[in-house]
Structures are given as C-alpha cells and as structure tokens.
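Novice:
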Amino acid sequence: MHVVVCVKAVADRLPDLGPSGQEDGTEGLHMNEWDSVAVETALQMRAKEKDLRITALCAGPPSWDGVLRRAVGMGVDAALRVDYASESADPSAGARALAAGMAQLNPDLILCGAMGEDGMQAATGPMLAAALMLPFCTMAMSMDREAGGLRVSCEDEGGKRRIYFLPLPCLITVQTGIYPPRYPRLSLMLKADRMEIPVLAFSRTKALPRLRLAYFESPPPSRRVHMLTGSAEEKARELVALLDQRGWLDLGKLEEGP
Amino acid sequence: MKIWMILGSKEKLSTGAEMLAAARQIGEDRSACPTFVFPFGDGAQQAKDFAALGADVQIFAPGGKGDDLTPEGALFCLRACMAPGKEDFVLMPDAAMWRAVAPALAFHLEAAFAAGIRALRWEGEELFLGRQTWSGRRLAWLGLRGGPGVFTVAQGAFLPGERGEKSGSITSFAPLIPGGESRFCGEEPGAGVALGLKEARIIVAAGRGVGGPEGLDLLGKLATHLPGSILGGSRPVCDCGWLPYDRQIGETGADVAPELYLACGVSGASQHLVGMGRSGLVVVVNKDPAAPFFRHGDVGIVEDLGAFLPRLLEVLAEEKKK
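Those protein sequences? They're chains C and S, same order as listed. The opening position of the first sequence corresponds to residue 3 in our numbering, with each subsequent residue numbered one higher. The opening position of the second sequence corresponds to residue 5 in our numbering, with each subsequent residue numbered one higher.
1) Can you name the residues of chain C whose CB is closer than 7 Å to the CB of S/A161?
2) Could you work out which residues of chain C lie near S/D243, taking near to mean beta carbons separated by less than 8 Å?
3) Look up C/T126 in the DSSP assignment and say whether it is helix, strand or coil.
4) Only counting runs of 4 or more residues, tell me where the alpha helix (DSSP H) segments fall wholly within the stretch 182–258 of chain S, in order along the chain.
5) Please tell me whether S/I206 has its Cβ less than 9 Å away from any Cβ of chain C.
6) Give a yes or no on whether the C-beta atoms belonging to S/A115 and S/V154 are separated by under 9 Å.
7) Compare the Cα-Cα distances from S/P193 to each of C/I56, C/C172 and C/C156 and report the closest residue.
8) With DSSP as the reference, label C/E257 as helix, strand or coil.
9) Would you say C/K10 lies against chain S (beta-carbon separation less than 9 Å)?
10) May I have the straight-line CA-CA distance separating S/E307 from C/L16, to the nearest angstrom?
11) Taking the alpha-carbon positions, what's the C/G62 to C/M135 distance?
12) Could you say which of S/P314, S/A106, S/G245 and S/L131 lies nearest to S/G120 if we only look at CA atoms?
13) Given that S/I10 touches chain C, what residues does it touch there, using C-beta distances under 7 Å?
14) Using a Cβ distance threshold of 8 Å, determine whether the stretch 71–85 of chain S contacts the stretch 129–149 of chain S, with at least three qualifying pairs required.
15) According to DSSP, what are the bridge partners of C/G1?
16) What does a CB cutoff of less than 8 Å around S/A335 pick up in its chain, not counting 5 residues either side in sequence?
17) Give a yes or no on whether the minimum CB-CB distance between C/K208 and chain S is below 9 Å.
18) Considering only their Cβ atoms, is the gap separating C/G103 from C/N34 smaller than 9 Å?
19) Looking only at DSSP bridge pairs, what is S/F117 linked to?
20) Note down, in chain order, every chain S residue with its Cβ under 7 Å from the Cβ of C/Y86.
21) For C/L31, which of helix, strand or coil comes out of DSSP?
22) Can a CB atom of chain C be found closer than 9 Å to the CB of S/P179?
23) What residues from the stretch 125–143 of chain C come within 7 Å of chain S, judged by C-beta to C-beta, listed N to C?
24) Taking DSSP as the reference, what is the three-state secondary structure of C/R225?
25) Over the uninterrupted alpha helix (DSSP H) stretch that includes S/S18, give me the two end residues.
26) Report yes or no: do three or more beta-carbon pairs, one from the stretch 182–197 of chain S and one from the stretch 155–173 of chain C, lie closer than 8 Å?
27) With a 10 Å radius around its C-beta and 16 neighbouring C-beta atoms as the bar for buried, classify C/E257 as buried or exposed.
28) Can you look up S/M101 in the DSSP assignment and give me helix, strand or coil?
29) Does the beta-carbon of C/V201 have 16 or more other beta-carbons within 10 angstroms, so that it is buried, or is it exposed?
30) Leaving out the 5 sequence neighbours to the left and right, which residues in its chain are closer than 6 Å to S/P296 when beta-carbon positions are compared?
31) Given a cut-off of 9 Å on the beta-carbon distance, is the pair C/R55 and C/D79 in contact?
32) Helix, strand or coil for C/P21? Go by DSSP, reduced to three states.
33) Against chain C, which members of the stretch 183–210 of chain S pass a CB distance test of less than 9 Å?
34) Any idea if C/A73 is buried or exposed, counting beta-carbon neighbours within 10 angstroms, 16 or more meaning buried?
35) Apply the 10 Å Cβ neighbour rule to S/I253 and answer buried if 16 or more other Cβ atoms are within range, or exposed otherwise.
36) Decide if the stretch 278–297 of chain S is in contact with the stretch 113–132 of chain C; the criterion is three or more beta carbon pairs, one per stretch, under 8 Å apart.
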C-alpha cells in the first residue's frame, strides 16, 4: 500500500496589512500544522500495516524542500516536490500541480491536512480528489482499515461525526486531534538533510480562474475593548472588583478547609 | 447572470435569507436571478417558506431524505443539476458537508473558489470578496474578474434584506441519484456537549496559553470563586487532551452565550469566536497584545497567565478574609 501525504509550507509571520506583496522567499517557513497531523496519521497507519510506504509530496518552490525534509525527519519513506510557483489566488492552481505529482506516485491513499493555517479554505483536498476523480471525505477524526478500504469518522457541525466507508484508492483530509504530530528524530533529520529531493517539472495546461489576492485588512472589531493597565496585581484587583460589582463573585462561601 | 443558492434539507430559513442577501449584492444592477436549489432531501416542505423570501425555488427529489449522502454523492448530484455559464455564481452555506463539496464542484466547473465569504462589493468589473484568513488575524480581499464562481457564505455575515414583493415560483424536478463508490455508514454524536456548558452563567475558557494541565488546575480554582461557572476550552486545548472534547467551544464544538465569558490564553481564532459571540461580558486575558481576541472582548488584560492566575487567586483569597 502506498500512502501519499500532501504537505505545504506556511510563512512563520503574518502577511503585512495592505496590498498583497510577493513573498521574497527569505522569510521563515514551517510545515502547515494540519499537514503535520496528516503525516502523523500516515505514520500511525504504517505502524499497524506491513508493506505500507509513505511519500510526502508538495507543490511549491525550492524553499519548500524544508518541509519535505521535516516529513522525512518524522519518518516518511520518500519525498517529491512538484516545482511550482503560485500564480493565482485560486486553490485549484496548487491542486493541479499536486495532481501532476500523483500521476507519478500512483498512490492507494492520499492524506491531506484539512486546511492551511494561512488561507483556511479547506479546498486543496477536495479539489485534488476532483482532479483525480477519487472518492473523498474531509475532516477525519479517526480512520480504520477495512477490507478494500477505510472506515472514516468525519467531523460534522457541533462536534457530531459522520461515518463513511471509502474504497481504495481515495483521498482523506484530516482534522487536528486525530493524532498529535511527533517531533522529527535527530537521526532521521540528519538523513533528511543529506538526501536529494527529487523534483518534478510542472507546466500548466488549463487557464486558471482570474482570482487575485488584492490586499489584507485587520478584521473589524466586534466589541470595543477596555484594556486594564498597571501592574499585574493592580489588574487582578480591578478584575476582582468588576466581577464582585456584577455579582459574579462569591467571596462569602470561600471555605478552603483548615 | 444566474445565481444558484444551494441548500440542504435541514437548512434554516435564516441561512437562506443571509445567502439571498449575499446573492443580491453579487447581482446588484446586473439583472441577476437568484434561485434556491434543494438538490436533495426534503426540500418540498420548506420550499414555500424560502420562495416567500422572494426568490425562485427548484427542488429535486421531493419527499426524499438525503441524510445518507457522501461528499462524493452530493458532488455527483450537483454536477447533474447545474451548468453555470461565464457570468454565473453558485453559493453554499459555509458549513458541514458543503465545505467538502463546494471546492470539488468549483474544480469540475473550472470556477473560481472562495470559502467563507463575509463581505462583497463590485469595483467596475471586478468582484471583491472578503474572507477571514490566518485564524481571523487577517481579512483577505480577493478580486475576481469574470465568473463562474463557487463561494461558501459565512454564517451571520450578511444581513437579511427585505422580503421580495412577491413569492418566487416553485419548480420540482425528478430526483437526482447520487453516484460514487463511497458509502454513508451512520452518524455518531461525537463528544457532544458537556452537561451545563450551554446553560452556564459563567464560562471560564482555557486556550493554549494556559500552558498545560497545571494552568488548568489554576483555572479550576478560579472557577470555584465564580458560582454557576464551568470550564470550557478552545479546540487546541481539547486536541492536547487538557480538556475533554465535550468542553470545546466554537465551530466544531458548543455554541454558548453565558453572562460572563472569561477567556484565558485563547488567541481568538475565528473558529472559536463563532461559538461565543453572543456572550454578555467578555473578559480576555492573554500575554500577546496582538491576540485577535482583544478585538472581540469588552475587558482586556495583557498578562502571562502563569504569573497572573496565582496573583488573581491571591487577591481573591485576601478579599475573602476581609
């Protein structure tokens, strides 16, 4: 069984307010939190299933090799980068590049993080499934191997779960909480640092939607906050006074025993 | 210009009214005709109410249930009932299964996609879409020239407008038969919501900033001073196992509205805020003065909880002795 995990890099720093600028490629990057959970999920599957191998795939510029190395450090068997520079704000662009990588890797199961920490659209997984015409489900909170496929419990509104059976090959996006992601191991990181990451050239054939990221704003506040000032003790006293004033505090009943 | 507003069988009328408000903003001065579509499920009963909002309604499979859909099956149905042209848009609620289906549909239609849109405006021929990114720390504005577009609409973001002067028409179509190989196997209640969380007068909410189980113990002590209070938390706190999932507040947890919401070390991610926005007084304690929660609180305290909570408990102990 071949599991491919899609990973992406996210900037360490929030984007500046105002017109969206091109990243200069020198800023710090880290593996998208949800994707590290997807890597962990694959590793947990491998611990239970013989002959399961895991490839980490990303579609990005050379600076994204770092997140592939981290995935190797966590324990995946191989890595591949589709050489791709974002050219549209539409998530289908990246999904098409990932699909090109999948054509090389021929996976039985694709795991993706449920969403990116940056855009939070939760679009790449479903779009990649659409590109490859695969059965899919999103926001998995648990999954179990069954004959011919997987039984997956997916998060629904208000904490409810919907259970699906998906035959292989299929695509599943995972929600945080399915497994806590492990830290990379030093010995594996040393190996990862030395390894050459294969790169797949990609050229777009489809016209992309004419969607651009125009600018960033601070979201409008929903309340007007009154900030308490002074020392920690002064703030604590002011808060206690406020709670007392509103009748929320029960100072009389405080019997903590002898 | 056509605008399809896709709804499920259990959708609230208010969701439809908000979507219609968004659709009218997209269609402004562009002779749009927004239409509610119930592609599966028991739309027949709701059709009249939605038509009364002033938009046409198309229902498929009247009387059907639609509870056992998979994302793949839902996608199959939607592809069968829509063929948007260059000027057209498809809207869905930013909720549940739509989040899975909408991007896949956009891909098949070669349409632009944006999730959870909260604001809209035209500038000439460019449609600007505002949406939350970076856990609510940034509102991103996207510019789109030419459709088609598929968008999910954030709940509560668009104010329902006045009802149309006359009801829309209702048209029924033959049921759509979902295809695909995946199978629905049932529902689970999940963690549910802890007893008393929704009814609590006071919620002491823990975020990642409490640092660990020790920090939670301190919050538990604080809660003993606040009668009628209960501990809740953000998703990361439950993911870490510091609190059970039935204490989670937010989009994938409980929706609460206590008199006092005391947020300790919660950054204020948009997914958390949707679960507590109706609270009375909101007090926010966080060491990061840039935490988004300060923009959504009434009283703000910039302090490290590790130092602040013991101090607060001391002050409470002193007050008790008085």
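By construction, the Cβ of each residue, glycine as well, lies at the ideal position given by its N, Cα and C atoms.
Specialist: So, from the listed chains and residues:
1) Walking along the second sequence from the start, residue 161 of chain S turns up at place 157. Going along chain C, no residue has its Cβ under 7 Å from S/A161, so there is no contact; the nearest lies around 11 Å.
2) Here residue 243 of chain S refers to the residue found at position 239 when the second sequence is read from its first residue. Residues of chain C passing the Cβ test: T178, G179 and P182.
3) Translated into the one-based positions of the first sequence, residue 126 of chain C becomes position 124. DSSP, reduced to helix, strand and coil, places C/T126 within a helical segment of the structure shown.
4) Whole alpha helix (DSSP H) segments, 4+ residues: 217–228 and 239–243.
5) Residue numbering aside, residue 206 of chain S sits at position 202 when the second sequence is read from its first letter. At least one CB of chain C lies nearer than 9 Å to the CB of S/I206.
6) In the second sequence, the residue the question calls residue 115 of chain S occupies position 111. In the second sequence, the residue the question calls residue 154 of chain S occupies position 150. Yes, the pair counts as a contact, with Cβ atoms nearer than the cut-off.
7) As a first step, residue 193 of chain S is located in the second sequence; it is residue number 189 there, counting from the start. Checking every option, the nearest Cα to that of S/P193 belongs to C/C156.
8) The sequence position of residue 257 of chain C within the first sequence is 255, counting from 1. At C/E257, the pLDDT of 49 sits below 50, so the modelled position is not reliable; the number obtained from the coordinates is stated separately. When DSSP states are grouped into helix, strand and coil, C/E257 belongs to the coil group.
9) Residue numbering aside, residue 10 of chain C sits at position 8 when the first sequence is read from its first letter. No, C/K10 lies away from the interface with chain S (no Cβ there is under 9 Å from its Cβ).
10) Reading the second sequence from its first residue, position 303 is the one you call residue 307 of chain S. Reading the first sequence from its first residue, position 14 is the one you call residue 16 of chain C. Whole-angstrom Cα-Cα distance: 22 Å.
11) The residue you call residue 62 of chain C lines up with position 60 of the first sequence. The residue you call residue 135 of chain C lines up with position 133 of the first sequence. If you take the alpha carbons of C/G62 and C/M135, they lie about 23 Å apart.
12) The residue labelled residue 120 of chain S in the question sits at position 116 within the second sequence. Taking only the C-alpha atoms, the option nearest S/G120 is S/A106.
13) For the purposes of this step, residue 10 of chain S is taken as the residue at position 6 of the second sequence. Simply none; closest approach about 15 Å.
14) Taking 8 Å as the limit for Cβ pairs, the verdict is that the stretch 129–149 of chain S does not touch the stretch 71–85 of chain S.
15) Residue 1 of chain C lies beyond the residue range present for chain C, which begins at 3 and ends at 260; the question has no answer from this structure.
16) The first residue shown for chain S is 5 and the last is 326, placing residue 335 of chain S beyond what the model contains.
17) The count along the first sequence starts at 1 and reaches residue 208 of chain C at position 206. With 9 Å as the cut-off, C/K208 counts as an interface residue toward chain S.
18) The residue you call residue 34 of chain C lines up with position 32 of the first sequence. The residue you call residue 103 of chain C lines up with position 101 of the first sequence. C/G103 sits away from C/N34, with the two beta carbons spaced by 9 Å or more.
19) Counted from its first residue, the second sequence places residue 117 of chain S at position 113. In the DSSP output, where bridge partners are listed per residue, S/F117 has S/V154.
20) By 1-based counting over the first sequence, the position of residue 86 of chain C is 84. Ordered by position in chain S, no residue passes the 7 Å Cβ test against C/Y86, which lies about 17 Å from the chain.
21) The sequence position of residue 31 of chain C within the first sequence is 29, counting from 1. It is a strand residue.
22) In the second sequence, the residue the question calls residue 179 of chain S occupies position 175. Not one beta carbon of chain C lies nearer than 9 Å to the beta carbon of S/P179.
23) Hits within the stretch, in order: A125, P128, M129, A131, A132, A133, P137, F138, C139 and T140.
24) Walking along the first sequence from the start, residue 225 of chain C turns up at place 223. Residue state, collapsed to three classes: coil.
25) Counting from one through the second sequence, the residue named residue 18 of chain S turns up at place 14. That run of the alpha helix (DSSP H) goes L17 to G31.
26) Segment contact: the stretch 182–197 of chain S against the stretch 155–173 of chain C, three or more CB-CB distances shorter than 8 Å; contact assigned.
27) The count along the first sequence starts at 1 and reaches residue 257 of chain C at position 255. In this prediction, C/E257 scores a pLDDT of 49, lower than 50, which makes its location untrustworthy; no coordinate-derived value is stated.
28) Here residue 101 of chain S refers to the residue found at position 97 when the second sequence is read from its first residue. In the three-state reduction of the DSSP assignment, S/M101 falls in the coil class, being assigned neither a helical nor a strand state.
29) Taking the first sequence and counting its residues from 1, one reaches residue 201 of chain C at position 199. Result: exposed.
30) Your numbering for residue 296 of chain S matches position 292 in the second sequence. If the five residues before and after S/P296 are omitted, its C-beta is found closer than 6 Å to the C-beta atoms of G140, R141 and G272, all from its own chain and listed in chain order.
31) Sequence index remark: in the first sequence, residue 55 of chain C carries index 53 (1-based). Sequence index remark: in the first sequence, residue 79 of chain C carries index 77 (1-based). Going by C-beta atoms, C/R55 is nearer than 9 Å to C/D79.
32) By one-based count along the first sequence, residue 21 of chain C stands at place 19. Of the three classes helix, strand and coil, the one that applies to C/P21 here is strand, per DSSP.
33) So the list reads G184, E185, S186, R187, F188, C189, G190, E191, E192, P193, G194, A195, G196, V197, R205 and I206, given in the order they occur along the chain.
34) As a working note, residue 73 of chain C is residue 71 in the first sequence. A buried status is given to C/A73, since no fewer than 16 other beta-carbon atoms sit within 10 Å of its beta-carbon.
35) Position 249 of the second sequence, counted from the start, is the residue given in the question as residue 253 of chain S. By the neighbour-count rule (16 or more Cβ atoms within 10 Å), S/I253 is buried.
36) The stretch 278–297 of chain S is not in contact with the stretch 113–132 of chain C.
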